[in-house]
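Engineer:
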Amino acid sequence: MTITALLPLRIRFECQLAWRHLRSGGGQTWLTIAAVASGVIIVIFIMGLIFGLQKKFTSLLTEAIPHVTVQVPEGKPIPYADIPGSKGGLSSSRSELQAPQRKNIDDWRTVLSVASEIPNVQTVSAAVSGQGFASKGANPVGVSLTGADPAEQERITPVTKNLIAGHYLGLASDEVVVDYELAQDLNVAVGDRIRITSISGVPEPLRITGIYSKGQGRGSAYVTLRTGQSMLGIGNSVNVVYVKVFDIFGADAVAERLSVLLDCEAKSWSSEFPNFVTSLQAQSASAYLISGFTLIASSFAIASVLIVSVQRKAKQIGILKSIGARSNQIMLVFLFEGLGIAVAGSVMGAIAGITVVYLLSLPKQAVGRGGGSPEAIFPLILDPLYILAAMGAASLATVLAALLPARSAAKMNPVDAMR
Amino acid sequence: MSAAPGEAVIETIGLKKTYPGKVPTPVLFGIDLRVVAGEFISIIGQSGSGKSTLLNILGALDIPTGGVVKIDGVDISTLTEDGLAVLRSEVVGFVFQAHFLLEELTCLENAVLPILIRKGEATSEELEWIRSLLVRVGLGEKLDKYPDTMSGGENQRCAIVRALANRPRIVLADEPTGNLDSHSGEEVFRLMRQMSSEVGIAFVMVTHDERLAHAADRILMIEDGLMRPVAVKPRIAA
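Chains as they are written, first to last, in the working numbering: chain A, 14 to 432; chain B, 3 to 240.
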């Protein structure tokens, strides 16, 4: 009775009696608390698993790519007749597209300056990008060439963390970093020299200083910006500006803003991978649905236990009314009983759920790609927001489940109840 | 709550009760009753004659289908459900055949329960008063015991103290000794008589036990839904 002395007088008796009901309920009370806790555990696990997987896949995809890519829009040929001021007469309506080729961004420093001022932008980097062939001896292999300042590029598409040999930062103008697959294809190692010929036809002998593995893509090579400009023959220009943002789901807005400000073509990562975004949304919806159904199922179980509890206490309800208890007092007793179960079940469920998720996140397995470090079998995450939401939702479902039996208890006729 | 001698605590005029159903069952046909402060009344009658129904109506647990019932001067037909609850809390005390103590609460907590229901907590004076009553009824050593560890007589004595907790003006007892052996029954009855005379609380007791009934101030018999007085032949000293 000491702790209850802190409660307002208006609800003190109701709280005291609810507590005594729970305490004397023994096994039944624990079973009901376990039902709530189970719901919370399942919700925390499902949320942890699905959002953990989402985070892993999204991170795998977006950490290795620029979030926004800025380029000069490629001009499309238009029929002669559509050109303003063209003379009439017969002309062909057929137009032939050129082979894709990136246009140069001459004033790229202005682009960097404007882009870095936009909210949510984390870092920007100018680069040259093009195709070529890498060869060691007689067999050329197709290669995607990126020329950029290593320190800046590192912040856009991390290379160093994926290195399995050598280094990327501090790359010299006659050096190159290649991916693991390209190194395998060319049968080369760090220190070997290869020749890369860009589409402009200029062969460039380069020494391999690093080999990396991202587990995706094949045949990529990184050189310095100056080397890339030289190989692609674009002088001091670049042909692409990469942007990395803080919130990857805000990349669309950044791309839109850049398009408006710079009169250029800015594409966000999500527009490049629309199916991926759709699948993320479907996964989130599934997680919410499973959690919702779990809580509904557990609230039905709780409601049925509390209904039986009210029926068993019918005589007590009658006697309480005969000694002056009002209907709302009776209702509050059973609501507080439900609230007690909700709080205890939520807290215990949260503790158990966090423990389960933590333990399941410990087992590791080796990754399939070469040289990678082991990763968790279950990529679970623990987000305090989801844990609190699961506790809140479970508590609400339990109190709602308690409302029905509480109301029926309040409506009981004392004379009938005591019979 | 003290009562002036001769003042009506409960008064019924032409009280009628018919239970609804496919075939309505009339039970009480017009009961006129006046209970004054400090009075001890026994009500006798055959099973099914309507004694418990009358007691439930007198205690505002049930409502009549006709006539007027005034408790502490208030016509109960004018009260809301909460109003009736306040009346049951402040004016009326109940003792039933079964003790109906809450098994989750100790003897002392059960006895204090009406006060907790009424205002959330008992003052130290009220607690002292309840303790003294429990000591008086021989439960001084049982304050912290739960009902399932006490005898039937002890539980019923605790139930009587509970009925007195809010210092009501009237206690309605429905066969309070019905579940007890004759010794415990007489003990409980003697206790109620003492409380009635010492605290000035009116008692209306329904009983099948003629010996106990004849120890009351007044005996009333319900027969064919009507009430008639019976001459008192005292057999048990109060």
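Where is the CB? At the ideal position from N, CA and C, for every residue including glycine.
How far does the alpha helix (DSSP H) with serine 37 of chain A in it reach, from first residue to last?
Structural biologist: 22-38
Engineer: Using a Cβ cut-off of 7 Å, pull out every chain A residue sitting near glycine 122 of chain B, in sequence order please.
Structural biologist: Leu22, Arg23, Arg25 and Phe26
Engineer: Is alanine 389 of chain A near leucine 398 of chain A, with beta carbons less than 9 Å apart?
Structural biologist: no
Engineer: Consider the Cβ of methionine 3 of chain B: report whether some Cβ of chain A lies at a distance smaller than 9 Å.
Structural biologist: With a pLDDT of 46 at methionine 3 of chain B, under the threshold of 50, the predicted position of this residue should be treated as unreliable, though the coordinate-derived value follows. Not an interface residue.
Engineer: Can you tell me which of B:Ile224, B:Ser79 and B:Val173 puts its alpha carbon nearest to the alpha carbon of glycine 202 of chain B?
Structural biologist: B:Val173
Engineer: Residues of chain B with CB under 9 Å from glutamine 342 of chain A, in chain order?
Structural biologist: Ala87 and Ile119
Engineer: Which whole-angstrom value is the C-beta distance of valine 208 of chain B and serine 49 of chain B, which I expect to be below 8 Å?
Structural biologist: Between serine 49 of chain B and valine 208 of chain B the Cβ distance is about 11 Å, and since that is not below 8 Å, they are no contact.
Engineer: Taking 9 Å as the CB-CB limit, is glutamate 130 of chain B close to chain A?
Structural biologist: no
Engineer: Quick one: which chain B residues come within Cβ less than 8 Å of glycine 337 of chain A?
Structural biologist: Ala87, Val88, Arg90, Ser91, Glu92, Pro116, Ile119, Arg120 and Asn168
Engineer: I believe alanine 423 of chain A touches asparagine 341 of chain A by the beta-carbon criterion, under 8 Å. Please report the beta-carbon distance rounded to the nearest angstrom.
Structural biologist: Right, their Cβ atoms sit about 7 Å apart.
Engineer: Is aspartate 162 of chain A helix, strand or coil when you go by DSSP?
Structural biologist: coil
Engineer: Excluding the 5 residues flanking leucine 228 of chain B on each side, which residues of the same chain have their C-beta closer than 6 Å to its C-beta?
Structural biologist: Phe31
Engineer: Determine whether the Cβ of alanine 18 of chain A lies closer than 9 Å to any Cβ atom of chain B.
Structural biologist: yes
Engineer: Using three-state DSSP, classify isoleucine 400 of chain A as helix, strand or coil.
Structural biologist: helix
Engineer: Does the beta carbon of asparagine 181 of chain B sit closer than 9 Å to a beta carbon anywhere in chain A?
Structural biologist: no
Engineer: To the nearest angstrom, how far is it from the Cα of serine 359 of chain A to the Cα of glycine 39 of chain A?
Structural biologist: Their backbone Cα atoms lie some 18 Å apart in a straight line.
Engineer: For the alpha helix (DSSP H) that serine 198 of chain B lies in, which residues bound it at each end?
Structural biologist: 184-201
Engineer: Could you tell me if glutamine 196 of chain B is buried or exposed, where buried requires 16 or more neighbouring beta carbons within 10 angstroms of its beta carbon?
Structural biologist: exposed
Engineer: Could you please give the first and the last residue of the uninterrupted alpha helix (DSSP H) stretch that includes tyrosine 193 of chain A?
Structural biologist: 193-199
Engineer: Run down chain A in chain order and give the residues with a C-beta less than 9 Å from the C-beta of asparagine 157 of chain B.
Structural biologist: Result: empty, since nearest Cβ-Cβ is about 13 Å, beyond 9 Å.
Engineer: Please list the partners that isoleucine 332 of chain A has in chain B, where partner means a Cβ-to-Cβ separation under 7 Å.
Structural biologist: Phe102
Engineer: Leaving aside the five residues before and after isoleucine 59 of chain A along the sequence, list all residues of the same chain whose C-beta is less than 8 Å from its C-beta, in chain order.
Structural biologist: Ala300, Ile303, Ser304 and Thr307
Engineer: Name the residue from A:Asn175, A:Ile207 and A:Gln242 whose alpha carbon lies nearest to the alpha carbon of aspartate 119 of chain A.
Structural biologist: Ranking the options by Cα distance to aspartate 119 of chain A, first place goes to A:Gln242.
Engineer: Please identify the residue among B:Ala217, B:Leu110, B:Asn181 and B:Thr151 whose C-alpha is closest to the C-alpha of alanine 165 of chain B.
Structural biologist: For the set B:Ala217, B:Leu110, B:Asn181 and B:Thr151, the Cα lying nearest the Cα of alanine 165 of chain B is the one of B:Leu110.
Engineer: Within 10 angstroms of the Cβ of serine 184 of chain B, are there 16 or more other Cβ atoms? Answer buried if so, exposed if not.
Structural biologist: exposed
Engineer: Might you give, ordered along the chain, the residues of its own chain that have their beta carbon closer than 8 Å to the beta carbon of valine 85 of chain A, omitting 5 neighbours on each side?
Structural biologist: Taking valine 85 of chain A as the centre and dropping the five residues before and after it, the same chain places the C-beta of Arg115, Lys116, Asn117, Ile118, Asn252, Cys277 and Glu278 closer than 8 Å to its C-beta, in chain order.
Engineer: Are the stretch 176-192 of chain B and the stretch 111-124 of chain B in contact at 8 Å, needing three or more beta carbon pairs?
Structural biologist: Taking a cut-off of 8 Å for Cβ pairs, the stretch 176-192 of chain B and the stretch 111-124 of chain B do not touch, as fewer than three such pairs fall below it.
Engineer: CB-CB under 7 Å to alanine 239 of chain B, same chain, minus the five flanking residues each way: which ones, in chain order?
Structural biologist: Unreliable positioning characterises alanine 239 of chain B in this predicted model, as indicated by a pLDDT of 48, which lies under 50. The coordinate reading is nonetheless provided below. So the list is empty, once near-sequence residues are dropped.
Engineer: Count Cβ pairs between the stretch 21-36 of chain A and the stretch 245-265 of chain A that sit closer than 8 Å; are there 3 or more?
Structural biologist: They do not touch, by the three-pair rule.
Engineer: Return no unless some Cβ of chain B is closer than 9 Å to the Cβ of lysine 328 of chain A.
Structural biologist: At a cut-off of 9 Å between beta-carbon atoms, lysine 328 of chain A makes contact with chain B.
Engineer: What separation, rounded to the nearest whole angstrom, lies between the Cα atoms of methionine 14 of chain A and isoleucine 59 of chain B?
Structural biologist: Low confidence applies to methionine 14 of chain A: its pLDDT is 49, below 50, so where it sits in the model is not reliable, and the reading given next is rough at best. The alpha-carbon atoms of methionine 14 of chain A and isoleucine 59 of chain B are separated by roughly 35 Å.
Engineer: What does valine 428 of chain A reach in chain B if we use C-beta pairs closer than 7 Å?
Structural biologist: Asn58, Leu63 and Asp64
Engineer: Please report the distance separating the alpha-carbon of serine 335 of chain A from that of proline 170 of chain B.
Structural biologist: For serine 335 of chain A and proline 170 of chain B, the distance between alpha carbons rounds to 13 Å.
Engineer: By Cβ distance below 6 Å, which residues in the same chain neighbour serine 233 of chain A in space, the five residues on each side in sequence not counted?
Structural biologist: Ser157 and Asp192
Engineer: Assign aspartate 211 of chain B to one of three DSSP states: helix, strand, or coil.
Structural biologist: In this structure, aspartate 211 of chain B counts as coil in the three-state DSSP scheme.
Engineer: Please list the segments of the beta strand (DSSP E) lying wholly inside the stretch 42-83 of chain B, counting only runs of 3 or more residues, in order along the chain.
Structural biologist: 42-47 and 68-73
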